[in-house]
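Chain order of the listed sequences is D and G. Residue numbers for the first sequence follow the working numbering, so the first one is 12 and each next one is one higher. Residue numbers for the second sequence follow the working numbering, so the first one is 4 and each next one is one higher. Every residue, glycine too, gets a C-beta built ideally from N, C-alpha and C. The structure displayed is predicted, hence computed values, not measured ones.
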Amino acid sequence: MSAFVPDAATLLQAAADYLEAELLPTLAGYHRFQTRISANVLRTVVRELQLRPAQHAAERERLAALLGHDGEPAALQAELATAIGDGHQPLDDPALIDHLRRTLREALAINHPNWAAPDEPTASKPPGARA
Amino acid sequence: MTERAIDTATPTTTLAAALRVVLARQARAHGEVQSLQRLTGGATKQTWSFDWVCGDEREALILQQMSEAPSRPGGPPKLSAEQDAALMTAAREAGVPAPRVHRLLRPEDGLGSGYVTGRIAGETLGRKLVADPALAEARKRLAAQCGRALAAIHALPLERSGFLQRLSPSDELRIYAGLLDGLERRHAALAYAVRWVAAHLPQQWESRVVHADFRSGNLIVGPEGLRCVLDWEIARIGDPMQDLGVLCMRTWRFGGEGLAREVGGFGAREDLYAAYEAASGTRVDPDRVRFWEVFSNLKWAISCVRRGSARRADGRPASVELAAIGRRLEEPLWDLLALTTQDAGGRR
Numbered sequence: 012m013s014a015f016v017p018d019a020a021t022l023l024q025a026a027a028d029y030l031e032a033e034l035l036p037t038l039a040g041y042h043r044f045q046t047r048i049s050a051n052v053l054r055t056v057v058r059e060l061q062l063r064p065a066q067h068a069a070e071r072e073r074l075a076a077l078l079g080h081d082g083e084p085a086a087l088q089a090e091l092a093t094a095i096g097d098g099h100q101p102l103d104d105p106a107l108i109d110h111l112r113r114t115l116r117e118a119l120a121i122n123h124p125n126w127a128a129p130d131e132p133t134a135s136k137p138p139g140a141r142a
Numbered sequence: 004m005t006e007r008a009i010d011t012a013t014p015t016t017t018l019a020a021a022l023r024v025v026l027a028r029q030a031r032a033h034g035e036v037q038s039l040q041r042l043t044g045g046a047t048k049q050t051w052s053f054d055w056v057c058g059d060e061r062e063a064l065i066l067q068q069m070s071e072a073p074s075r076p077g078g079p080p081k082l083s084a085e086q087d088a089a090l091m092t093a094a095r096e097a098g099v100p101a102p103r104v105h106r107l108l109r110p111e112d113g114l115g116s117g118y119v120t121g122r123i124a125g126e127t128l129g130r131k132l133v134a135d136p137a138l139a140e141a142r143k144r145l146a147a148q149c150g151r152a153l154a155a156i157h158a159l160p161l162e163r164s165g166f167l168q169r170l171s172p173s174d175e176l177r178i179y180a181g182l183l184d185g186l187e188r189r190h191a192a193l194a195y196a197v198r199w200v201a202a203h204l205p206q207q208w209e210s211r212v213v214h215a216d217f218r219s220g221n222l223i224v225g226p227e228g229l230r231c232v233l234d235w236e237i238a239r240i241g242d243p244m245q246d247l248g249v250l251c252m253r254t255w256r257f258g259g260e261g262l263a264r265e266v267g268g269f270g271a272r273e274d275l276y277a278a279y280e281a282a283s284g285t286r287v288d289p290d291r292v293r294f295w296e297v298f299s300n301l302k303w304a305i306s307c308v309r310r311g312s313a314r315r316a317d318g319r320p321a322s323v324e325l326a327a328i329g330r331r332l333e334e335p336l337w338d339l340l341a342l343t344t345q346d347a348g349g350r351r
């Protein structure tokens, strides 16, 4: 919870709304394009502020279960990446596929909502069949 | 990069004067450069649109200025302006709708390296290509037209393209995964992608001229269909199935959804494959196309990481556009995971 009112997400939201609703319609070409990107970037940060804390905790739990020990998510993710890279972690492990799918889905909820189909089951089908 | 927007911020007078000298170099000496404007088309090159006006004649032209940096040894293929122009000329002679090269820039022109080509009217923006009602008829034919254009590219004589790098699938992986070396990024899904590709490299392929960036966003399309194939500078000699995989990758479908839109967001695979097979006389190998679709997702993921970490000399982000592309990393990784964990009949 932010110590300030309005909180960071609200400030960014207000700035993004101005760029999109008021500034954008007055622009053409290069600056219109750059302004649209700038508004999108602010909205991405808003979603990150709102969604990331809960994701962080879930990701840490999954990684700890997968690797067999707890730690900081960044360190755990690096450890998993290394295990995949050097071949210690089999690619067709259903637990790995499930973790990767969930992690990517969470990141996409921040960075590109709607990229991942919302109704797609995450763990019910046998993964890794072709891996 | 896929967006081409007009850059109103760049002064053009000096450029117009230099261009006038380039255009006056041959026969029609007394012309004028008009309507010069920048079309932003990428971080590594600058594209300008202008008219060359000689008396009553007006020619619609494009100036393409390439970055001076030569391709790094062991790095991804990057043609010089001269090689790029030679390849486009060879492709045109073989019936591929490639830009017509008017002039190659010389050092004394003071414009860096690059060339002047004809300007083809039409749509390049991927989002419009897949959605604009004015292009509805074009979308019905475009997959087959792309199949025929790719067949013609893959039939280009290798001996005329001796300057192209010859890359096996494992060379491709080594080169692109090598771009991640130096970057402080340890990412599990990216590691999975590299590892999966390494475990599934095609063992057999033919060596053909491969465009390697043949996709929505790099095509000029009019209401009647394909008018021009752009952006030849990363061509190489390799597995021709790569071009079919790149064209079908979900990112370059620009929101075009469904089985009937898997080719570039506008067409069906069977139309692409049938036209390619009829024109080339060779079978499409769907498994190899799928491998290259996976590989293209890996390549785009690596590009997102690199663009997202691009910095100016003083350490600030290179641009908001490049920084934002860094946050697109999970899109190709998500699609890659779907492609590698689902049966051939599943969602792609």
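Within the same chain, Cβ atoms closer than 7 Å to the Cβ of LYS302 of chain G are found at TYR179, the five residues on either side in sequence being excluded. Around the C-beta of GLU70 of chain D, 16 or more other C-beta atoms lie within 10 Å, and the residue is accordingly described as buried.
Restricted to the region 270-305 of chain G, not a single beta strand (DSSP E) segment is unbroken, complete and at least 3 residues in length.
Closest in C-alpha terms to ARG256 of chain G, from the list G:PHE294, G:GLN49, G:ASP338, G:LEU114, comes G:ASP338. By the neighbour-count criterion, in which a residue is buried when 16 or more other Cβ atoms sit within 10 angstroms of its Cβ, ASN122 of chain D is buried. The three-state reading of DSSP puts GLY129 of chain G in helix, counting H, G and I together. Ranked by Cα distance from ARG116 of chain D, the first of G:GLN345, G:GLU334, G:ILE123, G:GLU85 is G:GLU334.
Using a Cβ-Cβ cut-off of 7 Å, TRP337 of chain G is close to LEU115, LEU119, TRP126, ALA127 of chain D, given in chain order. Taking all protein chains shown into account, PHE53 of chain G has 16 or more neighbouring C-beta atoms within 10 Å of its C-beta and is therefore buried. Around the C-beta of ALA137 of chain G, fewer than 16 other C-beta atoms lie within 10 Å, and the residue is accordingly described as exposed.
A residue is called buried once 16 or more other Cβ atoms fall within 10 Å of its Cβ, and LEU132 of chain G is buried on that count. In terms of beta-carbon proximity, GLY82 of chain D stays away from the interface with chain G, with every pair separated by 8 Å or more. Counting of Cβ neighbours within 10 angstroms places TYR29 of chain D among the exposed residues, the total staying below 16. Within chain G, no residue has its CB atom less than 9 Å from the CB of LEU60 of chain D, the nearest being about 14 Å off. Comparing alpha carbon positions, the residue from D:GLU33, D:ALA32, D:ARG58 closest to ALA20 of chain D is D:ARG58.
Residues are counted here when their Cβ sits less than 8 Å from a Cβ of chain D; for the region 182-201 of chain G these are ARG189, HIS190, ALA191, ALA192, LEU193, ALA194, TYR195, VAL197, ARG198, TRP199, given in chain order.
Note that the C-beta distance between ARG144 of chain G and LEU26 of chain G is not below 8 Å.
Taking all protein chains in view, the Cβ of ARG331 of chain G is crowded by 16 or more other Cβ atoms within 10 Å, so the residue is classified as buried. Residue contact with chain D for ARG331 of chain G: present (Cβ-Cβ distance below 8 Å to some residue of chain D). It is roughly 30 Å from the alpha-carbon of SER83 of chain G to the alpha-carbon of HIS42 of chain D. Look at the region 127-189 of chain G and you find these whole runs of alpha helix (DSSP H), each 4 residues long or longer: 129-134, 139-157, 172-181.
Under the three-state reduction of DSSP, TRP55 of chain G is assigned to strand.
When only Cα atoms are considered, LEU186 of chain G and TRP208 of chain G end up about 32 Å apart.
A straight-line Cα-Cα distance of about 14 Å links GLU236 of chain G and THR120 of chain G. Legend: CB atoms of the region 125-136 of chain G lying less than 8 Å from CB atoms of chain D are not found in any residue.
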